[in-house]
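Structure, as structure tokens:
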Amino acid sequence: NAGVTQTPKFQVLKTGQSMTLQCAQDMNHNSMYWYRQDPGMGLRLIYYSASEGTTDKGEVPNGYNVSRLNKREFSLRLESAAPSQTSVYFCASSLAGFTDTQYFGPGTRLTVL
Amino acid sequence: EDQVTQSPEALRLQEGESSSLNCSYTVSGLRGLFWYRQDPGKGPEFLFTLYSAGEEKEKERLKATLTKKESFLHITAPKPEDSATYLCAVQSYNNNDMRFGAGTRLTVKP
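Those protein sequence lines, which keep their order, are chains V and E. One point on numbering: in the numbering used here, the residue at position 101 of the first sequence is 101, and numbering is uninterrupted. Quick note, the numbering used here runs 1000 ahead of the 1-based positions in the second sequence.
So, in structure tokens, the structure goes:
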């Protein structure tokens, strides 16, 4: 079991470029999440998917879009990257909703110049 | 709005020197309080979930407790391998969100 995997591990973008962060889980979990982590701040929820076919906004959704491709995969897209989106992005999954234990991936470190 | 504050920001201990980390929270209807450990360059790793005041959970040298306003993570006789950032998060009945604190960075010196 790989758990939660994320690609890429590192990425540098120029302002205005677009990219998609990929996340996959092999634990047969129903719920998946995207967070960002900035120095001195806690993890902040960007979007989540309670179950396959549904997505909802979290605390900081502006500038992002998501796709729940199937039960295993949940991608995060930056359409026009901005320096304020420089951060470490974590994907997580849980069996069914927020009160179940969330398992996190290793993260993607994104720098926007 | 749900809020989580962790203190101290950083804590340096000698090996074997017990201490506690604090997580104060404001939430309208606590559904669960979570503790995670995060090593540098890695994703958070789950430690405990607490659901109601008075509840306690233990794992090796760690013990988590919960009151109506705060949670403590007690570390007994820590070892250098306990060095990490410890994160606290809350989930409330009123919204679908997880609110994390900024974390406490623990360093245990041999």
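Built from N, CA and C at the ideal position, the CB exists for glycine as well. For clarity, every value in this text was computed on a predicted model and none was experimentally measured.
- Looking at TYR48/V, SER18/V, CYS91/V, the one whose alpha-carbon comes closest to that of GLN85/V is SER18/V.
- Apart from the 5 residues on each side of it in sequence, ALA1089/E sits with its Cβ closer than 6 Å to the Cβ of PHE1034, MET1098, PHE1100 in its chain, given in chain order.
- Contact between GLN1038/E and LYS1109/E is absent: CB atoms are separated by about 20 Å, not below the 8 Å threshold.
- The segment 19-37 of chain V makes contact with the segment 76-95 of chain V: 3 or more CB pairs, one atom from each, lie closer than 8 Å.
- In the DSSP assignment, no residue is bridged to VAL1027/E.
- In the three-state reduction of the DSSP assignment, ASP1082/E falls in the helix class.
- Against GLY1103/E, the close residues of chain V are GLY42, in the order they occur along the chain (beta-carbon pairs closer than 8 Å).
- Contact annotation: PRO1078/E and GLU1017/E have beta-carbon atoms nearer than 9 Å.
- In this structure, the beta-carbon distance from PHE10/V to THR101/V does not fall below 9 Å.
- Taking 3 residues as the minimum length, the beta strand (DSSP E) runs contained wholly in the segment 1026-1060 of chain E are 1030-1038, 1045-1050, 1056-1059, in order along the chain.
- The Cβ of LEU1106/E sits no closer than 9 Å to any Cβ of chain V.
- Beta-bridge partners assigned by DSSP to MET32/V: SER49/V, SER93/V.
- Exclusion of the five residues before and after ARG1012/E leaves THR1107 as the residues of its chain whose Cβ lies within less than 6 Å of its Cβ.
- Around LEU69/V, the same chain offers SER75 as residues with beta carbons nearer than 8 Å, after the five sequence neighbours per side are excluded.
- Within chain V, no C-beta atom comes less than 7 Å from the C-beta of VAL1027/E; the nearest is roughly 12 Å away.
- Identification of residues in the segment 1090-1102 of chain E having a C-beta nearer than 8 Å to some C-beta of chain V yields GLN1091, ASN1096, ASP1097, MET1098, ARG1099, PHE1100, GLY1101, ALA1102, given in sequence order.
- Any Cβ of chain V closer than 9 Å to the Cβ of GLY1016/E would place that residue at the interface, and such an atom is absent.
- A distance of 9 Å or more separates the beta carbons of VAL60/V and SER49/V.
- In its chain, beyond the 5 residues on either side, MET19, LEU78, ALA81, LEU110, THR111, VAL112, LEU113 have a beta carbon closer than 8 Å to the beta carbon of LEU13/V.
- Nearest CB-CB separation between ASP26/V and chain E: not below the 9 Å threshold.
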